[in-house]
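Trainee: To start, I am sharing the structure in question, which I have written as structure tokens.
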Amino acid sequence: MLASLHGAMHAFPMDTEIETDAVIVGGGPAGLMLGLLLVRRGLDVTVIEKHADFLRDFRGDTIHPSTQQLLAELGLLDEFLARPHADMSRVTLSWHGAELTLADFSRLPTARRVMTFMPQWDFLDLLADAAGRRPGFHLLRSTRVAGVTRENGRIVGVTGTGPDGAVDVRARVVVDASGRDSEVRAAAGLTPVGVAAAMDVLWFRLPKHPGETHPFIQAGEGMIITIDRGEFLQIAHVIPAGTWTGSTDDVQRMIQRVRRIAPGLGAAAADLTGEDVHLLRVRLERLRRWWSDGLLCIGDAAHAMSPAGGVGINLAIQDAVAAARVLGPALERGTPRIRDLRRVQRRRTWPVVVTQGVQRILQRPLLASTPVGAPLPVPLRLLRDHPALTRVTGRFVGLGARPERL
């Protein structure tokens, strides 16, 4: 059965075949941004998302100045700002109680000179709503992709299962934006190469009392990041890789570390159990080749990042912008060729390599446990003694190594 798609969401009968210009696997920041940019060109785009909604805890909340500039260019900035959010004009760190500025966004050439924190499900809803207002956009929720379809050696679509049965989507190009555990990438025979990550992250919530505030980053005997989500505090605690088993002893040691690093959070952390704490394993890896004939990988499917700097979303969105700039005209001409897919990788490899290199350098100081009164690590001393450098780090964090524009 061949189905023609009309509208942002559509209920299909079992064993449905769908034809579209571009099928994007993964409804995260990269996938939805690319879908929005392509449908704005008048193309027919299908985004496949395995979940029924975007409500998941383990997603980054940071929306960088460069992404907000992009939203302004798309006419979506006011709609973005109407959603719950919090702004940060500088990234600060409390090192044994002494506050330092790590990155200053106040001089950036962007519409907004702040890093904004917004629950990612709100941000994704914004992109999906904007794309859904276009007649060529189709979002298949609760649909899990099982493999790719090949014809004469070229990938021409994906197969999977939706709420009502099997789904077969054919397209002139397949874009994999499904993340670092991508099954599409594996089915295409693309395998990432990794650099051993020195850290993992423990992710948990703590209750928030009226008027309660905490530094964004607290460090000195390990590191804790506190994200204020209004009704509660979302905590990310960096630990050495491979040291967490989830045992009762592990939980108690973690609570003691929280008390030392962030005394203001110690009382709230005392009641945590192993069920409250979720382990996020950090991986630094990337594909040597982001493409196969008919398929392009972007975002975490092409390069898994450390959470350091919260730059993963920014890089993924910039991948999407670069991909749209190449794939849009190629789709308008016909079927994208291998050289088009190579162009996207050539454009985006350098910023990925640079960013991962910086993240590797940061791993050790982020895990450092130093006594009170010990000298600051050299990078922190430089930022403290030369404040102008915080504008350089602000540009790197806020814009990325290679910003992308429409």
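Using full-length UniProt numbering, you'd call the opening residue of the sequence shown number 1 and step up by one each time.
Beta carbons: idealized from backbone N, C-alpha and C, even for Gly.
Every value quoted in this text rests on a predicted model; they were computed, and no experiment measured them.
How should Gly42 be labelled, buried or exposed, when 16 other C-beta atoms within 10 angstroms of its C-beta is the threshold for buried?
Mentor: The residue in question, Gly42, is exposed, as its Cβ has fewer than 16 Cβ neighbours within 10 Å.
Trainee: If you scan the region 32–89 from start to end, which runs of the alpha helix (DSSP H) of 4 or more residues do you find wholly inside it?
Mentor: Runs found: 65–73, 77–81.
Trainee: Consult DSSP for Ile338 and reduce its assignment to one of helix, strand or coil.
Mentor: Ile338 falls in the helix class under three-state DSSP.
Trainee: In the DSSP assignment, find the unbroken alpha helix (DSSP H) run with Ile255 in it and report its ends.
Mentor: First-last of the alpha helix (DSSP H) with Ile255: 248–261.
Trainee: Based on Cα-Cα distance, which residue from Gln218, Cys297, Gly264 lies nearest to Pro192?
Mentor: The shortest C-alpha separation from Pro192 is found at Cys297.
Trainee: Quick one: any contact between the region 136–153 and the region 174–186, if contact means 3 or more CB pairs under 8 Å?
Mentor: Enough Cβ pairs lie closer than 8 Å, so yes.
Trainee: For the alpha helix (DSSP H) holding Asp200, just list the boundary residues, first then last.
Mentor: Not the alpha helix (DSSP H): Asp200 falls in the beta strand (DSSP E), residues 199–207.
Trainee: When we look at the beta-carbon of Val372 and count the other beta-carbons within 10 Å, is it buried (16 or more) or exposed?
Mentor: With fewer than 16 other Cβ atoms within 10 Å, it is exposed.
Trainee: Who pairs with Pro240 in a beta bridge, going by DSSP?
Mentor: Paired residues: Met199.
Trainee: Alpha carbon to alpha carbon, how far is Ser142 from Ala11? Give it in angstroms, no decimals.
Mentor: At Ala11, the pLDDT of 40 sits below 50, so the modelled position is not reliable; the number obtained from the coordinates is stated separately. Going from the Cα of Ala11 to the Cα of Ser142 covers about 11 Å.
Trainee: List the whole-angstrom C-beta distance separating Val23 from Val174, where the pair is believed to meet the contact cut-off of C-beta under 8 Å.
Mentor: Confirmed, Cβ separation roughly 5 Å.
Trainee: Residues in the same chain with beta-carbon distance under 6 Å from Ala8, minus the five sequence neighbours each way, listed in chain order, please.
Mentor: Residue placement at Ala8 is flagged as unreliable, the pLDDT there being 40, under the threshold of 50; the coordinate-derived value follows with that caveat. Within the same chain, Ala8 has close Cβ partners Gly132, Phe137, Leu139.
Trainee: Classify Glu49 as buried or exposed, calling it buried when 16 or more other Cβ atoms lie within 10 Å of its own Cβ.
Mentor: By the 10 Å Cβ count, Glu49 comes out buried.
Trainee: Does the Cβ-Cβ distance between Gly29 and Ile317 come in under 7 Å?
Mentor: Per the sequence presented here, residue 29 reads as Pro, with Gly not at that position. Yes. Within cutoff.
Trainee: Compare the beta carbon distance of residue 454 and Leu102 with 7 Å and say whether it is the shorter of the two.
Mentor: One cannot answer for residue 454 here, as it falls past the ends of the chain, which runs 1 to 406.
Trainee: Answer yes or no: do Leu190 and Leu71 have a C-beta to C-beta separation smaller than 7 Å?
Mentor: Taking 7 Å as the Cβ cut-off, Leu190 and Leu71 do not qualify as a contacting pair.
Trainee: What span of residues does the beta strand (DSSP E) with Arg402 cover, start to end?
Mentor: Counting along the chain, Arg402 falls outside any beta strand (DSSP E), and DSSP gives it neither H nor E.
Trainee: So the beta strand (DSSP E) Ala146 belongs to, where does it begin and stop?
Mentor: Start and end: 144–151.
Trainee: Rounded to whole angstroms, what is the Cα-Cα separation between Ala188 and Leu34?
Mentor: Approximately 21 Å, taken between the alpha carbons.
Trainee: Report yes if the CB atom of Asp300 is closer than 7 Å to the CB atom of Arg180, and no otherwise.
Mentor: Their beta carbons are under 7 Å apart, which means Asp300 touches Arg180 by this criterion.
Trainee: Report back the beta-carbon spacing between Gly398 and Ser66 to the nearest angstrom; my notes put them in contact at under 8 Å.
Mentor: Contact flag correct, Cβ pair sits at about 6 Å.
Trainee: Taking contact to mean at least 3 C-beta pairs separated by less than 8 Å, is the region 380–393 in contact with the region 229–237?
Mentor: Short answer: they don't touch.
Trainee: Terminal residues of the continuous alpha helix (DSSP H) containing Ile313?
Mentor: Note, Ile313: alpha helix (DSSP H), 312–333.
Trainee: Count the CB pairs spanning the region 209–227 and the region 337–354 that are closer than 8 Å, and state whether there are at least three.
Mentor: Taking 8 Å as the limit for Cβ pairs, the verdict is that the region 337–354 does not touch the region 209–227.
Trainee: Fully enclosed by the region 259–294, which alpha helix (DSSP H) runs are 4 residues long or longer?
Mentor: Listed in chain order, they are 263–269.
Trainee: So, is Glu79 buried or exposed, given that buried needs 16 or more other C-beta atoms within 10 angstroms?
Mentor: Classification for Glu79: exposed.
Trainee: For Ala219, which beta-bridge partners are listed by DSSP?
Mentor: Note: Ala219 sits in a beta bridge opposite Trp95, Met223.
Trainee: Alpha carbon to alpha carbon, what distance is there between Ser106 and Arg402?
Mentor: Each residue's alpha carbon lies about 19 Å from the other.
Trainee: What is the C-beta distance between Leu331 and Arg172, in whole angstroms, given that I count them as a contact (C-beta under 8 Å)?
Mentor: That belief holds up - the Cβ atoms of Leu331 and Arg172 are roughly 6 Å apart, short of 8 Å.
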